[in-house]
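Beneath this line is the structure, given in structure tokens, with notes to follow.
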Amino acid sequence: MKHARKARGFSLLELLITLTIVAIVAAFALPSLNSILQRGEQRAALSELIAIINLSRNTAIQEQTAVTLCPIGTNSKCTKDWNRPLTAFRDPQRARKIVHSDQVLRILELSSTGTAKGRTGIRDYFRFRPSGFAEEAIGNIVWCPKNGDNRFASQIRINMGGRPFISQDSDGDGIPEDTYGKAITCG
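What follows is the structure, given as structure tokens:
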């Protein structure tokens, strides 16, 4: 006599319960994953900005020449349009203009992850002297993610010594503060 084999598998009810549990877990996990991805983009952009600032300062010291860091316009001069690529270049005449391509140290484009805005007072550049100091051209760069979420914005301050410092969230509200202790805004 043959024994009837019972079919093995999931019932419709078991499948629906499993899918419901997976959907609930995914609903909680996706915002966290999005936050992790945005934080990664922020760190990558800040690393790139710090690297080009340090390259500018270190080149000025090593080569004993002035180095300018600014967005370059179509006329090869510094411009206040911070949506353009940020360029570090040797500027011994302090002309804020690229005359020869061998002056260029590095060009940085941030447009894929976010935007940068330089706050340099009346100037449209940062300049590093052969001593590494940035006395007459200090200020900051604010980086904002493409979605404009202030929680993932950052400010890099360049002090008179030419050293960059990244803003911190000192009041615990999740948004870093600028030089004046106010929350950074991307609006």
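Numbering (the UniProt record's numbering), first residue to last: 1 to 187. All C-beta atoms in this analysis are idealised placements derived from N, C-alpha and C, irrespective of residue type, glycine included.
Asked: Whether Gly139 touches Ile61 by CB criterion (8 Å); Found: no
Asked: Inter-residue Cα distance where the pair is Glu48 and Pro145; Found: 14 Å
Asked: Proximity below 8 Å, CB of Gly114 to CB of Ala45; Found: yes
Asked: Nearest neighbour of Thr59, chosen from Leu105, Ile21, Asn83 and Pro71 [CA to CA]; Found: Leu105
Asked: Presumed contact (8 Å Cβ cut-off) between Ala66 and Asp91, rounded CB distance; Found: 5 Å
Asked: Proximity below 8 Å, CB of residue 233 to CB of Ile107; Found: With the chain covering 1 to 187 only, the question about residue 233 has no answer from this structure.
Asked: Buried versus exposed, by CB contacts within 10 Å (16 or more), Val99; Found: exposed
Asked: 3-residue-minimum beta strand (DSSP E) runs that sit fully inside the segment 20 to 93, ordered along the chain; Found: 67 to 71 and 86 to 90
Asked: Selection from Phe126, Asp171 and Ser170 that minimises the alpha carbon distance to Ile158; Found: Phe126
Asked: Cβ neighbour criterion (16 or more within 10 Å) applied to Pro85; Found: exposed
Asked: Ala137 classed as buried or exposed, judged by whether at least 16 other C-beta atoms fall within 10 angstroms; Found: buried
Asked: Pair within 8 Å by beta-carbon distance, Glu78 and Arg96; Found: The residue you asked about is not Glu; residue 78 is Cys in the sequence shown. Yes. Within cutoff.
Asked: Alpha-carbon spacing of Ala116 relative to Val22, whole angstroms; Found: 39 Å
Asked: Buried/exposed call for Gln155, threshold 16 Cβ in 10 Å; Found: buried
Asked: Contact set for Leu69: own chain, Cβ-Cβ below 6 Å, skip 5 residues either direction; Found: Ser56, Ala88 and Phe126
Asked: Exposure label - Asp124; buried when at least 16 CB within 10 Å; Found: buried
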